[in-house]
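Asks: Please read through the structure below; I'll follow up with questions.
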Amino acid sequence: MTKFSDLNLNPKVLKAVEEAGYETPTPIQEGAIPPALEGRDVLGIAQTGTGKTASFTLPLITQLARGRARARMPRSLVLCPTRELAAQVAENFDTYAKYVKLSKALLIGGVSFKEQDTLIDKGVDVLIATPGRLLDHFERGKLILNDVKVMVVDEADRMLDMGFIPDIERIFGLTPFTRQTLFFSATMAPEIERITNTFLSNPERIEVARQATASETIEQGVVMFKGSRRDREGSEKRKVLRLMIDGEGEKCTNAIIFCNRKTDVDIVAKSLKKYGYDAAPIHGDLDQSQRTRTLDGFRNGELRFLVASDVAARGLDVPSVSHVFNFDVPSHAEDYVHRIGRTGRAGRDGKAMMICVPRDEKNFDAIEKLIQKEIPRLDNPLGNTAPAPAADDDAPKAEKPKRTRAPRKPKADAPSEAVAEQVEASATVEASTEPVADTPAEPKPERGRGRGSSGGRNRSSNREDRGGNKVVGLGDHTPSFIELSFEERRAS
Ligand code: AMP
0 MTKFSDLNLN
10 PKVLKAVEEA
20 GYETPTPIQE
30 GAIPPALEGR
40 DVLGIAQTGT
50 GKTASFTLPL
60 ITQLARGRAR
70 ARMPRSLVLC
80 PTRELAAQVA
90 ENFDTYAKYV
100 KLSKALLIGG
110 VSFKEQDTLI
120 DKGVDVLIAT
130 PGRLLDHFER
140 GKLILNDVKV
150 MVVDEADRML
160 DMGFIPDIER
170 IFGLTPFTRQ
180 TLFFSATMAP
190 EIERITNTFL
200 SNPERIEVAR
210 QATASETIEQ
220 GVVMFKGSRR
230 DREGSEKRKV
240 LRLMIDGEGE
250 KCTNAIIFCN
260 RKTDVDIVAK
270 SLKKYGYDAA
280 PIHGDLDQSQ
290 RTRTLDGFRN
300 GELRFLVASD
310 VAARGLDVPS
320 VSHVFNFDVP
330 SHAEDYVHRI
340 GRTGRAGRDG
350 KAMMICVPRD
360 EKNFDAIEKL
370 IQKEIPRLDN
380 PLGNTAPAPA
390 ADDDAPKAEK
400 PKRTRAPRKP
410 KADAPSEAVA
420 EQVEASATVE
430 ASTEPVADTP
440 AEPKPERGRG
450 RGSSGGRNRS
460 SNREDRGGNK
470 VVGLGDHTPS
480 FIELSFEERR
490 AS
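Using numbering that gives the first Met the number 0, the letters of the sequence shown correspond one by one to residues 0 to 491.
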């Protein structure tokens with residue numbers, strides 16, 4: 000069995016690795032580190048969780064341990080698709096380079112240019128950046144890439160999804176032809192293949208097994224769910240999610256909940272929060288300080304539910320997630336593999352549960368085809384396509400609670416149906432910043448169309464209360480004209 004000490008790493012790097020508690024290199028590390036140290040290009044087909052970050056950081060630090068950077072001319076460049084991933088690589092770098100004197104700068108959006116400029120001016124050994132921010136600095140004339148000796152591209156397939164490939168090509172063109180390239184991607188889409196053929200020179204190709212096929216520690220399940228009505232699907236789906244979470248009880252210590260769209264990330268997080276669940280959203284439109292705060296909270300166990308988009312969550316290293324909930328079926332089958340890979344890590348057990356609505360069945364089939372496994376069907380916690388009176392704010396009249404019933408006192412952790420109505424209404428109105436009362440004392444009067452008759456009833460009973468008269472119209476009162484004979488009515 001290969002040991003880290005067999006890999007020719009700098010002794011100071013080895014010491015840091017040892018302190019990190021790693022005993023043996025992972026397959027991607029074993030495959031990528033030796034050619035990287037020889038100065039060869041590397042094409043690593045591996046995804047997050049395989050130890051790929053160390054597979055490029057360790058040789059990078061070893062190579063950079065000799066020599067010094069000049070002002071504004073970084074000696075190496077690591078490109079990452081998202082800010083979080085870049086920040087994570089920077090953290091890894093700090094861990095492994097703690098005994099080697101190297102400087103680094105992190106160029107990500109949401110951080111002031113000034114601070115970053117100051118660092119670059121001093122000269123950095125490692126520049127970790129997202130492509131957009133890197134090019135911004137370059138265009139402002141603050142950065143010269145002529146001295147880049149090693150360039151790393153991490154999560155290239157995600158770069159492709161995010162439309163960064165033209166930026167990457169441009170950055171390749173700005174660095175010296177003689178640079179070494181370490182290129183990582185979870186999959187090899189044709190466009191990625193094209194880039195590697197163009198910019199990598201005779202790379203050593205290392206492919207490690209797909210996580211989903213390898214990880215048997217993840218228990219999977221899917222609820223095939225059909226909303227009672229299309230306009231209620233969202234709120235009912237959110238209810239299904241809550242019931243799935245509740246069904247897991249204490250086994251669900253923490254979870255990532257994935258949604259396909261950023262707006263849904265916000266809506267689901269807001270809805271869960273209103274129902275008393277400890278949840279917060281993370282996606283690319285949130286400001287950096289909020290993203291960092293949320294992520295730190297989730298990592299250190301202060302936050303239980305992270306509601307995330309693929310992009311924000313991609314590559315994040317969160318060591319122990321007990322559950323992954325796919326609120327939506329991902330539209331790319333590969334994303335399912337990435338998503339569920341957040342749980343069941345490092346030999347721990349994990350559970351991944353998904354909700355599939357009819358229009359997602361095609362995508363669902365593609366997932367089962369990719370993982371070559373049938374995902375067990377779980378019971379719909381709402382019952383079979385039964386309408387969900389508690390979750391919706393416009394349930395059919397027949398299922399509405401009787402309006403004569405005294406309002407239930409809502410509990411703090413289990414909002415009443417009236418609260419649910421308001422929560423769902425407020426959660427769907429994304430732009431609304433109106434605070435929603437968590438525990439209103441009384442259910443709100445019905446609003447909107449189609450409620451005229453009950454409104455009429457209420458008005459009538461009010462009249463009765465005021466005057467002590469009989470109920471008019473529907474009770475035992477008979478309008479006098481009904482008691483007239485047909486002839487009498489005609490005459491009147
Ligand atoms: P990555 O695929 O780079 O996101 O790494 C996933 C996780 O594996 C991180 O928490 C690393 O700290 C950890 N890790 C990386 N290399 C090793 C190793 N050789 N042994 C044990 N854990 C490792």
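Positions of the beta carbon are idealized from the N, C-alpha and C atoms, including for glycine.
Following a CB-centred definition, is G246 positioned closer than 7 Å to any heavy atom of the ligand AMP?
Replies: no
Asks: Work out the CA separation of A268 and D5 for me, nearest whole Å.
Replies: Each residue's alpha carbon lies about 47 Å from the other.
Asks: Using only the alpha-carbon positions, how far apart do R69 and V123 sit?
Replies: 7 Å
Asks: In chain order, what residues of the same chain lie with their CB nearer than 8 Å to the CB of G492, ignoring the 5 residues before and after it?
Replies: The structure shown does not extend to residue 492, since the chain spans only 0 to 491, so no value can be given for it.
Asks: Nearest-angstrom Cα distance between A426 and G275?
Replies: Note that A426 scores a pLDDT of 43, beneath 50, so its modelled location is shaky and nothing firm can be said.
Asks: Nearest to K141 by alpha carbon, out of D153, V149, D116 and C251?
Replies: D116
Asks: Within this structure, are the beta carbons of L305 and A332 separated by less than 8 Å?
Replies: no
Asks: Compute the beta-carbon to beta-carbon distance between V497 and A64, rounded to the nearest angstrom, for a pair I have assumed lies under 8 Å.
Replies: Nothing can be reported for residue 497, as the shown portion of the chain is limited to 0 through 491.
Asks: Look up H322 in the DSSP assignment and give the residues it is bridged to.
Replies: A254 and K350
Asks: State buried or exposed for G349, treating a residue as buried only when at least 16 other CB atoms are found within 10 Å of its CB.
Replies: With 16 or more other CB atoms across the displayed protein chains lying within 10 angstroms of its CB, G349 is buried.
Asks: Is P492 near the ligand AMP - that is, is its Cβ less than 7 Å away from at least one heavy atom of it?
Replies: In the structure as shown, the chain starts at 0 and stops at 491, and residue 492 therefore has no counterpart that could be examined.
Asks: Can you give the Cα-Cα distance for I244 and K11, rounded to whole angstroms?
Replies: 45 Å
Asks: Distance, Cα to Cα, L59 vs S200?
Replies: 18 Å
Asks: Determine whether the beta carbon atoms of F137 and F171 lie at a separation below 8 Å.
Replies: no
Asks: To the nearest angstrom, how far is the alpha carbon of A47 from that of S288?
Replies: Note on identity: in this sequence residue 47 is Thr, with Ala being the wrong assignment. The alpha-carbon of T47 is positioned some 24 Å away from that of S288.
Asks: Under 8 Å, with one C-beta from each stretch per pair, do the segment 363–383 and the segment 295–303 reach the 3-pair mark?
Replies: Contact fails: fewer than three Cβ-Cβ distances are below 8 Å.
Asks: Compute every distance between the C-beta of Y21 and the non-hydrogen atoms of the ligand AMP, then say whether any falls below 7 Å.
Replies: yes
Asks: Output the distance between the C-alpha atoms of A436 and L271, rounded to the nearest integer angstrom.
Replies: For A436, the predicted structure reports a pLDDT of 28, less than 50, and the residue's modelled location is therefore unreliable. The matter cannot be settled from this model.
Asks: Checking 8 Å against the spacing of the C-beta atoms, do F183 and G66 come in under that value?
Replies: no
Asks: Need the endpoints of the beta strand (DSSP E) that V306 sits in, please.
Replies: F304 to A307
Asks: Report the rounded CA-to-CA distance for E261 versus K2, giving the unit in angstroms.
Replies: A small correction: the amino acid at residue 261 is Lys; Glu does not occupy that position in the sequence shown. Near 43 Å, if we compare the C-alpha coordinates of K2 and K261.
Asks: Starting from L133, follow the alpha helix (DSSP H) in both directions and report where the run begins and ends.
Replies: P130 to E138
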